[in-house]
Amino acid sequence: MCIRDSPGTASGVIFLTLEDETGNINVIVWKNLQERCRQPLLTGKLLMVKGIMECKNEVIHVIAGDILDQGELLTDLTMKSRDFH
């Protein structure tokens, strides 16, 4: 799951929170990268984030250097229905 947040107090920075079964990673996207990677940020379904990882007190942050849309990889993905009733 990916949550995008751009609080008014963040001076134009976008924060992406990526979550899976192992925990959360916070991705920091500076304004100049937002302009360069606008399309993947707005419409991407599967993002590849390249950047610098920082880990402090078990909290992981990635300072994004590039963001690529890898959504085409999802076209070959087959998913089975999970019916719980």
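Using the working numbering, the letters of the sequence shown correspond one by one to residues 104 to 188. We put the beta carbon where it would ideally sit given N, CA and C, even for glycine.
Query, Result
"Are there 16 or more other CB atoms within 10 angstroms of the CB of Leu180, so buried, or fewer, so exposed?", "exposed"
"CB-CB under 7 Å to Ala167, same chain, minus the five flanking residues each way: which ones, in chain order?", "Val130, Ile131, Val132, Leu136, Val152 and Gly154"
"What separation, rounded to the nearest whole angstrom, lies between the Cα atoms of Asp172 and Gln142?", "8 Å"
"Looking at the secondary structure, which residues open and close the beta strand (DSSP E) in which Thr71 lies?", "Residue 71 cannot be examined here, being either before or after the span of the chain that is shown, 104 to 188."
"Report yes if the C-beta distance between Ile170 and Ile128 is below 9 Å; otherwise report no.", "no"
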